[in-house]
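For reference, the structure is listed below as structure tokens.
Numbering (my numbering), first residue to last: 245 to 371.
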């Protein structure tokens, strides 16, 4: 498993398509895909949005995803920095994204962080 993370619009999807050679049609969009599509996808983008849609089921789902799809590439935005949201639901989502990210990172062979389109391996080797 490979986790690709970073802030919004930092080049994560371009890295996955160009550097890892994953075709756009092989990327499930976490904003709209079903959980089952995510589990079987070669790559999942916007995983943080899937976490929001899953609500309290996000952690068991993430653990199941890691068990069932060990070759997945997961693209997840870093959303835990900056101003703490006023709305409780937004704070819960932010915490859930962090917890799910920790699960994915722990099970990934490589964790790549992108800033300004520049990748850095923060775990494992650069693919």
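Note that the Cβ used here is the ideal one computed from N, Cα and C, for glycine as well.
Rounded Cβ spacing between residue i and residue j (contact assumed at less than 8 Å)
| i | j | result |
| --- | --- | --- |
| residue 249 | residue 320 | 5 Å |
| residue 246 | residue 371 | 6 Å |
Close Cβ partners of residue i (< 6 Å) along its chain, the five nearest in sequence each way excluded
| i | result |
| --- | --- |
| residue 288 | 272, 274, 282 and 318 |
| residue 316 | 245 |
| residue 374 | Within the shown structure, residues of the chain are numbered from 245 to 371, placing residue 374 beyond reach of any answer. |
| residue 252 | 321 |
| residue 314 | 245 |
Sequence-distant residues of its chain with Cβ nearer than 8 Å to residue i (five each side left out)
| i | result |
| --- | --- |
| residue 356 | 246, 247, 248, 249, 259, 363, 364, 365, 366, 370 and 371 |
| residue 254 | 358, 359, 360 and 361 |
| residue 308 | 283 |
| residue 298 | 279 and 305 |
Residues that residue i bridges to, as DSSP identifies them
| i | result |
| --- | --- |
| residue 320 | 249 |
7 Å CB neighbourhood of residue i in its chain, flanking five on each side removed
| i | result |
| --- | --- |
| residue 265 | none |
| residue 293 | 274 and 275 |
Q: Jot down the residue ranges of each uninterrupted alpha helix (DSSP H) in the stretch 245-295, minimum 4 residues, whole runs only, in chain order.
A: List check, alpha helix (DSSP H) in window: 256-262 and 279-284.
Q) Below 8 Å, can you find three or more Cβ-Cβ pairs linking the stretch 337-344 to the stretch 308-328? A) yes
**Q.** Contiguous beta strand (DSSP E) assignments of at least 3 residues, all confined to the stretch 310-371
**A.** 317-321, 354-359 and 362-367
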